[in-house]
Amino acid sequence: MGKAVVLLADNDLARAYHALAIAISAKAMGYDVTLFLTGLGVYIASKRPKTRLIGVPSIARWYVNWKLKKIGAKSVDELAQEALRAGIQIYVDEPVAKMLGVDVLDGVKYGGTMTFVALSREADLVLTF
859 MGKAVVLLAD NDLARAYHAL AIAISAKAMG YDVTLFLTGL GVYIASKRPK TRLIGVPSIA
919 RWYVNWKLKK IGAKSVDELA QEALRAGIQI YVDEPVAKML GVDVLDGVKY GGTMTFVALS
979 READLVLTF
């Protein structure tokens, strides 16, 4: 089909969930998908992922995760693993990952802004979250 690049620049639970779900769906539709994580979004590809809900206390984040589990929806951690298994290329912004001390999942690649620009230039579809 075509190439899709998904940029995630935050670790907000809702944004991360939608970015991963859309990336996985695009892959299932035949797109060659790359997920590029920058800013706090690099935490999504961490061996110890951290998410948050912007402007909401941590108890609310726990509640949302609990509700997702209750309805049978996958967690952001599970979606990140599923994306890798599906063959989605995941890049983290190397300077940001190093600055935050993020230990990335196996299979995740390092890149930088030039990587993102090059991938985007070749893509038919670029989505940002």
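Using the working numbering, read the sequence shown as starting at 859 and increasing by one per residue.
The beta carbon of each residue, even a glycine, is placed where N, CA and C say it ideally should be.
Three-state secondary structure (DSSP) of residue i
{"i": "T971", "result": "helix"}
{"i": "S904", "result": "strand"}
{"i": "V962", "result": "strand"}
{"i": "D870", "result": "strand"}
{"i": "I929", "result": "coil"}
{"i": "M957", "result": "helix"}
Spatial neighbours of residue i in its chain, beta-carbon cut-off 8 Å, leaving aside the 5 residues before and after
{"i": "V966", "result": "A903, L942, I948, Y949 and V950"}
{"i": "T973", "result": "F894 and Y949"}
{"i": "R906", "result": "D961"}
Identity of the residues DSSP links to residue i by a beta bridge
{"i": "Q947", "result": "T892"}
{"i": "V984", "result": "V863"}
Cut-off 6 Å between Cβ atoms - residues of its own chain near residue i, not counting five sequence neighbours on either side
{"i": "A877", "result": "V864, L866 and F987"}
{"i": "K885", "result": "V891, A944 and I946"}
{"i": "L937", "result": "L878"}
{"i": "V962", "result": "A903 and V950"}
Beta-carbon spacing of residue i, residue j below 7 Å
{"i": "V960", "j": "V900", "result": "yes"}
{"i": "A826", "j": "V934", "result": "Nothing in the structure corresponds to residue 826, since the chain is present only between 859 and 987."}
{"i": "Y968", "j": "E980", "result": "no"}
{"i": "D868", "j": "L898", "result": "yes"}
Near the ligand FMN: residue i beta-carbon under 6 Å from a heavy atom
{"i": "M972", "result": "Only the bare structure without any ligand can be found here, which leaves the ligand FMN out of the picture."}
Same chain only: Cβ atoms within 7 Å of residue i, ignoring 5 sequence neighbours per side
{"i": "G860", "result": "Y889, D982 and L983"}
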